[in-house]
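Chemist: Have a look at this one before I ask anything.
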Amino acid sequence: MTPILQAQNLNKRFGGNEAVKDVSFVVNAGECVVLAGDNGAGKSTVIKMISGVHTPTSGEVRFQEERLTGKTPNAIRQTGIETIYQDLALADNLDPGLNLYLGREATRRFLGIPMVDRRTMRETAKEVLKGLGIVIPDPSAPVRDLSGGQRQAIAIARAIHWKAKLVIMDEPTAALGVPEQREVMALIERLKAQGVGIILISHNLPDIFAAADRIIVLARGVVAGERRPAETSDEEIVRLMMGAAG
Amino acid sequence: MSGSSAQKPTGASFLKPLLGAWSWIFLLAILVFFELYARAETGQTFLFRVYNIQSIAIAASQILLLALGLTLVIVAGHIDLSIGFTTGLSAVVMALVIRMAGPESGWAIVILAMLVGTFAAVIVGLVNGWLVAILNVPSFIGTLGTYGVARGGALIVAGGATVSIRSDEARAFGNGDILGFPVPVVVAAVLAFLCHYLLAHTRFGVHTYALGANRASVERAGVNVKKHLIWLFVISAVTAGVGGLVYTGRFSAGAANAGEPILLYAVAAVFIGGASLTGGQGTITGTVIGAFIIAVIQFGLVFSGLPPYWQFVAVGLVIIVAVLVDQSRDKLTGMQS
Ligand SMILES: Nc1ncnc2c1ncn2[C@@H]1O[C@H](COP(=O)(O)OP(=O)(O)OP(=O)(O)O)[C@@H](O)[C@H]1O
Ligand SMILES: [Mg+2]
Chain Z
166 MTPILQAQNL NKRFGGNEAV KDVSFVVNAG ECVVLAGDNG AGKSTVIKMI SGVHTPTSGE
226 VRFQEERLTG KTPNAIRQTG IETIYQDLAL ADNLDPGLNL YLGREATRRF LGIPMVDRRT
286 MRETAKEVLK GLGIVIPDPS APVRDLSGGQ RQAIAIARAI HWKAKLVIMD EPTAALGVPE
346 QREVMALIER LKAQGVGIIL ISHNLPDIFA AADRIIVLAR GVVAGERRPA ETSDEEIVRL
406 MMGAAG
Chain W
1108 MSGSSAQKPT GASFLKPLLG AWSWIFLLAI LVFFELYARA ETGQTFLFRV YNIQSIAIAA
1168 SQILLLALGL TLVIVAGHID LSIGFTTGLS AVVMALVIRM AGPESGWAIV ILAMLVGTFA
1228 AVIVGLVNGW LVAILNVPSF IGTLGTYGVA RGGALIVAGG ATVSIRSDEA RAFGNGDILG
1288 FPVPVVVAAV LAFLCHYLLA HTRFGVHTYA LGANRASVER AGVNVKKHLI WLFVISAVTA
1348 GVGGLVYTGR FSAGAANAGE PILLYAVAAV FIGGASLTGG QGTITGTVIG AFIIAVIQFG
1408 LVFSGLPPYW QFVAVGLVII VAVLVDQSRD KLTGMQS
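Taken in order, these protein sequences are the chains called Z and W.
According to this note's numbering, the stretch in the first sequence is residues 166 to 411, in order.
According to this note's numbering, the stretch in the second sequence is residues 1108 to 1444, in order.
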C-alpha cells in the first residue's frame, strides 16, 4: 500500500515552546491512525499543520505525492482533506442540507434568476445520512434541534459527500453520551470501508483500541511510540502517554 | 440517533407556529382595534379609505428604507446605528447638487443628484465595513462612531440648516404616484423585493444566516467573511441613503436629521419582525410586517385624536413584547433539544 499522507519531521515552535518535535508518520487509504497522548502533548498542533491552520516551523506534509505545506486551509480542503474540529463548526440555524453544502450551495434557475436550491440539498443530505444509517426526523429543521451524534454525522456526511480521501477528527466523541459515542465509532468504520483514510485524536482507551489500525502515541511533542492494537495493551499505551521511552 | 428522538412535547409544537406568526396576528389585531374604535367614535372607517392606506404605506416605507439593509446586518449578528444619519447625509447631498445646478434642473440633474447622494451613503457603508471587518471593531461601537461622523458631516455640508430646493422633478419623485401607488412606496417595495431575494434565495443570504449563527462555519467553508461583512454594511447604507433621497423629494429639502426620528423605529421593525440580537434570525417579510405595525400605530393614534406622544409609548411597548416573544420562542426550542 502506498501511503496517501506523509508527515515528515514536523516541528512546531510557539515562541520558546517546542510544541511538536520531529514527528513523522504516514496514513494509508482505508486506514485509521489514532493520535493518542496526554493534554498538551501536541496532537491538535500536528493536525493543524496538516489542515493548514499552522505552518510547520520545519518539516513538511505530502498528500498523494503533492506538497501541502504552505497551502491555505481552503486549498488543502479542496485537495480532499476534511477536518472535523471538536466544535464541528455547523451553522445551527440552518438545516442539514445547507450545512452539508455550506460554501458550495447548489443553485437552480427560476425564470433565469439563480436561486438557492434548498430542496435538492435537503434531499441529498437525507440520502447521504441514510447511507450512514442516520435518519433525521425533520430534514427541514435547523440542526440545533439535533442530538450530538446526529450533528457529528452531518459533519462526517460533509466529508463523504465532497469525496474526502482523508478525514481528520479531533476528539469526535468527547462531548457525547455513551450510545452516541458508539454510533460515531460505527461511522468511522463505514468511512474506512469506503477507502477513506482517517486520523483520529482520542484520549479514550476503549475508543482507541476499537478504531485504530495503528496507534501513534505523542508525549511532550515527540512520538513516544507506534503500535498496532493487537501488539499492545492498555497499560503500555498509558505508559507511553506518560512519556516513558518506547 | 434514528427517528426515535423525534418525540417532542406536543404543547410546544402547538405554540411554536403561533409564536412564529405573532406579528401577523398582532398587525391584524391593531387594524381591527382602530377600525372598531373609529366606527364607534366617529362613525367613519379607518382602513377602507385610500388616503389612510396611502398615509400608512408611506410611513411604513420610510421606516422600511432604513430597516431593509439593517435586517441583513442584524441577521449576520451585527448592528448598524449609523443609518439614521446616512439618511440625512444622502438627503442633504442630493439637495445640494440640485441647488448648485440652479432652479432649472431637469431629470438629468435630479438623477445625478440621487446618484451622488447614494455614493455618499456607500462611503459611510465602506467605512463601517472597514471598521468591523478589517479592524474588528464591534459593530455597535464602530457604527456609533460613524453615526457621529455622518451626523456632523451632514450638518457641515448643509451649513447647519436644511437645504431647500425648487425642483418639480424632485417633487414628483417624492410625491407622485405610479398607477395610484405613491413613488416612495414603490421604491421601498422594489428594494424590499431585492433584499428578500438576496436574503432568502441567494448563496449570499445563506452565508449571512450562517455568519450570524457561527462565524467559524462560514470561514471554514471557504467564504471570504471580511468581504461579506463589507458588502452587508454597504447594502445597509444604500437602503438608508435611498430613504434620504425620498425625504428630499417629499419635502423639497434635505435635512441632516432626516433619518434621526426613524432610526429607533427601523431597529424596532427588524426585531418585531423576528430578528434576534444574537443574529442568525430574521426575514425581510418579518421586517415589512414590523414596519407596518409601527406605521399603523403611528397613524392610528393620530387618527383617533390622541396626543401623538402616545406613539412613543405604544411602539416602546411593542418592542418589549417582541423581545418577550423572541425569548419564549428560544425557551421552546431549548425545551425540544
Ligand atoms: N496557538 C498556540 N500558541 C501558543 N502555544 C500553543 C498554541 N497551540 C498550542 N500551543 C501549545 O502547544 C502545546 C501542544 O498543544 P496541543 O493543543 O497541540 O495539545 P493537545 O495534545 O491537542 O492537547 P489536548 O489533549 O489538551 O487537546 C501546548 O503546550 C500548548 O500550550
Ligand atoms: Mg487538542
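Heads up, the beta-carbon is just placed ideally off N, CA and C, and yes, glycines get one too.
How about Thr-1309(W): is its C-beta nearer than 8 Å to some C-beta of chain Z?
Modeler: For the purposes of this step, residue 1309(W) is identified with residue 202 of the second sequence, where counting begins at 1. Chain Z contact via Cβ: present.
Chemist: Per DSSP, what kind of secondary structure is Met-350(Z) in: helix, strand or coil?
Modeler: Counting from 1 along the first sequence, the entry for residue 350(Z) is found at position 185. DSSP places Met-350(Z) in helix when its eight states are reduced to three.
Chemist: Can you check whether the C-beta of Asp-260(Z) is within less than 8 Å of a C-beta belonging to chain W?
Modeler: Here the question's residue 260(Z) lines up with position 95 in the first sequence. False, the Cβ-Cβ gap to chain W never drops below 8 Å.
Chemist: Beta-carbon within less than 7 Å of Val-1428(W)'s beta-carbon, same chain only, minus the 5 sequence neighbours each way: which residues are those?
Modeler: On the second sequence, residue 1428(W) is found 321 positions in, with the first residue counted as 1. Nothing listed; no residue qualifies.
Chemist: Can you tell me the Cβ-Cβ gap for Gly-1319(W) and Gly-1386(W), rounded? I've got them flagged as a contact below 8 Å.
Modeler: Locating residue 1319(W) in the second sequence gives position 212, where the first residue counts as 1. Locating residue 1386(W) in the second sequence gives position 279, where the first residue counts as 1. Yes, they are in contact, since the Cβ atoms of Gly-1319(W) and Gly-1386(W) sit about 3 Å apart, within 8 Å.
Chemist: Taking its Cβ as the centre, do 16 or more other Cβ atoms sit within 10 Å of Ser-305(Z), making it buried, or is it exposed?
Modeler: Start at 1 with the first residue of the first sequence, and residue 305(Z) comes out as number 140. Label assigned to Ser-305(Z): exposed.
Chemist: If I'm right that Ser-1246(W) touches His-1185(W) with Cβ under 8 Å, what's the distance once you round it to whole angstroms?
Modeler: Along the second sequence, one-based indexing puts residue 1246(W) at 139. Along the second sequence, one-based indexing puts residue 1185(W) at 78. Between His-1185(W) and Ser-1246(W) the Cβ distance is about 4 Å, and since that is below 8 Å, they are a contact.
Chemist: I want to check one thing, is the minimum distance from the CB of Asp-335(Z) to the heavy atoms of ligand 2 below 7 Å?
Modeler: For the purposes of this step, residue 335(Z) is taken as the residue at position 170 of the first sequence. Yes, since a heavy atom of ligand 2 falls inside the 7 Å radius drawn around the Cβ of Asp-335(Z).
Chemist: What's the gap between the Cα of Gly-1118(W) and the Cα of Gly-195(Z)?
Modeler: One-based indexing of the second sequence puts residue 1118(W) at position 11. One-based indexing of the first sequence puts residue 195(Z) at position 30. Because Gly-1118(W) carries a pLDDT of 48, less than 50, the predicted location of this residue cannot be relied on, and no value is offered for it.
Chemist: Which of the three DSSP states, helix, strand or coil, is assigned to Glu-336(Z)?
Modeler: For this step, residue 336(Z) is matched to residue 171 along the first sequence. It is coil, neither helix nor strand.
Chemist: Give the DSSP-derived three-state secondary structure of Phe-1288(W) in the structure shown.
Modeler: The residue you call residue 1288(W) lines up with position 181 of the second sequence. If DSSP states are grouped into helix, strand and coil, Phe-1288(W) belongs with the strands.
Chemist: Indicate the three-state DSSP secondary structure (helix, strand or coil) for Pro-1210(W) in the structure shown.
Modeler: Position 103 of the second sequence, counting from 1, holds the residue named residue 1210(W). Here Pro-1210(W) sits in coil by DSSP.
Chemist: So which residues on chain W does Val-281(Z) lean against when the C-beta distance must stay under 9 Å?
Modeler: Here residue 281(Z) refers to the residue found at position 116 of the first sequence. Here the neighbours are Ala-1307, His-1308, Thr-1309, Arg-1310, Gly-1312 and Val-1313.
Chemist: Suppose contacts are defined by Cβ-Cβ distances below 8 Å. Is Ala-1228(W) in contact with Gly-1423(W) by that definition?
Modeler: Walking along the second sequence from the start, residue 1228(W) turns up at place 121. Walking along the second sequence from the start, residue 1423(W) turns up at place 316. Cβ distance not < 8 Å, so Ala-1228(W) and Gly-1423(W) don't count as in contact.
Chemist: Give the range of the alpha helix (DSSP H) segment to which Glu-288(Z) is assigned.
Modeler: Reading the first sequence from its first residue, position 123 is the one you call residue 288(Z). Segment 283–296, the alpha helix (DSSP H) holding Glu-288(Z).
Chemist: Is there a C-beta anywhere in chain W that falls below 8 Å from the one on Glu-412(Z)?
Modeler: Nothing can be reported for residue 412(Z), as the shown portion of chain Z is limited to 166 through 411.
Chemist: Would you say Asp-335(Z) faces chain W, with C-beta separation under 8 Å as the test?
Modeler: Here residue 335(Z) corresponds to residue number 170 of the first sequence, with the count starting at 1. It does not: the Cβ of Asp-335(Z) has no partner Cβ on chain W nearer than 8 Å.
Chemist: Please classify Asp-372(Z) as buried or exposed, where buried requires at least 16 other C-beta atoms within 10 Å of its C-beta.
Modeler: Residue 372(Z) sits at position 207 when you count from the first residue of the first sequence. Buried: at least 16 other Cβ atoms inside 10 Å.
Chemist: Is the distance from the Cβ of Gly-1397(W) to the Cβ of Gly-1380(W) below 8 Å?
Modeler: Counted from its first residue, the second sequence places residue 1397(W) at position 290. Counted from its first residue, the second sequence places residue 1380(W) at position 273. Result yes, Cβ atoms of Gly-1397(W) and Gly-1380(W) sit closer than 8 Å.
Chemist: Could you work out which residue in Ile-381(Z), Ala-377(Z), Ile-246(Z) and Pro-394(Z) is closest to Ile-333(Z) when comparing CA atoms only?
Modeler: Against the first sequence, residue 333(Z) aligns to sequence position 168. Ile-333(Z) has its Cα closest to that of Ile-246(Z), out of Ile-381(Z), Ala-377(Z), Ile-246(Z) and Pro-394(Z).
Chemist: Using DSSP with H/G/I as helix, E/B as strand and the rest coil, what is Leu-370(Z)?
Modeler: By 1-based counting over the first sequence, the position of residue 370(Z) is 205. In the structure shown, Leu-370(Z) sits in a helix (DSSP, three-state: H, G or I).
Chemist: Say yes only if the C-beta of Phe-1280(W) is nearer than 7 Å to one or more non-hydrogen atoms of ligand 1, and no if none qualify.
Modeler: Taking the second sequence and counting its residues from 1, the one referred to as residue 1280(W) is at position 173. False, no ligand heavy atom lies under 7 Å from that Cβ.
Chemist: At what residues does the beta strand (DSSP E) containing Asp-260(Z) begin and finish?
Modeler: Along the first sequence, read from residue 1 onward, the residue named residue 260(Z) stands at position 95. Run containing Asp-260(Z): none; DSSP gives neither H nor E here.
Chemist: With DSSP as the reference, please indicate the residues paired to Gln-171(Z) in a beta bridge.
Modeler: Residue mapping note: residue 171(Z) aligns to position 6 of the first sequence, counting from 1. The partner list for Gln-171(Z) (beta bridge, DSSP) reads Val-191(Z) and Arg-227(Z).
Chemist: Would you call the CB atoms of Met-406(Z) and Val-382(Z) closer than 8 Å?
Modeler: By 1-based counting over the first sequence, the position of residue 406(Z) is 241. By 1-based counting over the first sequence, the position of residue 382(Z) is 217. Result yes, Cβ atoms of Met-406(Z) and Val-382(Z) sit closer than 8 Å.
Chemist: Just to confirm my understanding: we take Leu-255(Z), look at its own chain, exclude 5 residues before and 5 after, and list those with CB closer than 8 Å. What are they?
Modeler: What you label residue 255(Z) is simply residue 90 of the first sequence in a count that begins at 1. Excluding sequence neighbours, Leu-255(Z) sits near Asn-264, Val-308, Arg-316, Ile-319 and Ala-320.
Chemist: Can you tell me whether DSSP reads Pro-307(Z) as helix, strand or coil?
Modeler: What you label residue 307(Z) is simply residue 142 of the first sequence in a count that begins at 1. Note: Pro-307(Z) maps to coil in three-state DSSP.
Chemist: Is the CB of Asp-372(Z) under 8 Å away from at least one CB in chain W?
Modeler: Against the first sequence, residue 372(Z) aligns to sequence position 207. So, not an interface residue.
Chemist: For the candidate residues Phe-1358(W), Gly-1176(W), Pro-1291(W) and Ile-1241(W), whose alpha-carbon lies nearest to that of His-1303(W)?
Modeler: What you label residue 1303(W) is simply residue 196 of the second sequence in a count that begins at 1. Of the listed residues, the one whose Cα sits closest to His-1303(W) is Gly-1176(W).
Chemist: Helix, strand or coil: which one does DSSP assign to Thr-248(Z)?
Modeler: Locating residue 248(Z) in the first sequence gives position 83, where the first residue counts as 1. Note: Thr-248(Z) maps to strand in three-state DSSP.
Chemist: So Asn-239(Z) contacts chain W; which residues on that side make the cut at Cβ distance below 8 Å?
Modeler: Position 74 of the first sequence, counted from the start, is the residue given in the question as residue 239(Z). Simply Gly-1329.
Chemist: Against chain Z, which members of the region 1376–1402 of chain W pass a CB distance test of less than 8 Å?
Modeler: So the close ones are Gly-1387 and Gln-1388.
Chemist: Helix, strand or coil for Ile-299(Z) per DSSP?
Modeler: If you number the first sequence from 1, residue 299(Z) lands on position 134. DSSP places Ile-299(Z) in coil when its eight states are reduced to three.
Chemist: Looking at ligand 1, does it come within less than 7 Å of Ser-367(Z), judged from the CB to the closest heavy atom?
Modeler: For the purposes of this step, residue 367(Z) is taken as residue 202 along the first sequence, with counting starting at 1. False, no ligand heavy atom lies under 7 Å from that Cβ.
Chemist: Hey, how far is the Cα of Ile-1132(W) from the Cα of Gly-1393(W)?
Modeler: Mapped onto the second sequence, residue 1132(W) falls at position 25. Mapped onto the second sequence, residue 1393(W) falls at position 286. Rounded to the nearest angstrom, the two C-alpha atoms are 12 Å apart.
Chemist: Just to make sure I have the definition right: I need the residues of chain W whose C-beta is within less than 8 Å of the C-beta of Glu-270(Z). Which are they?
Modeler: Taking the first sequence and counting its residues from 1, the one referred to as residue 270(Z) is at position 105. Residues of chain W passing the Cβ test: Arg-1310 and Val-1313.
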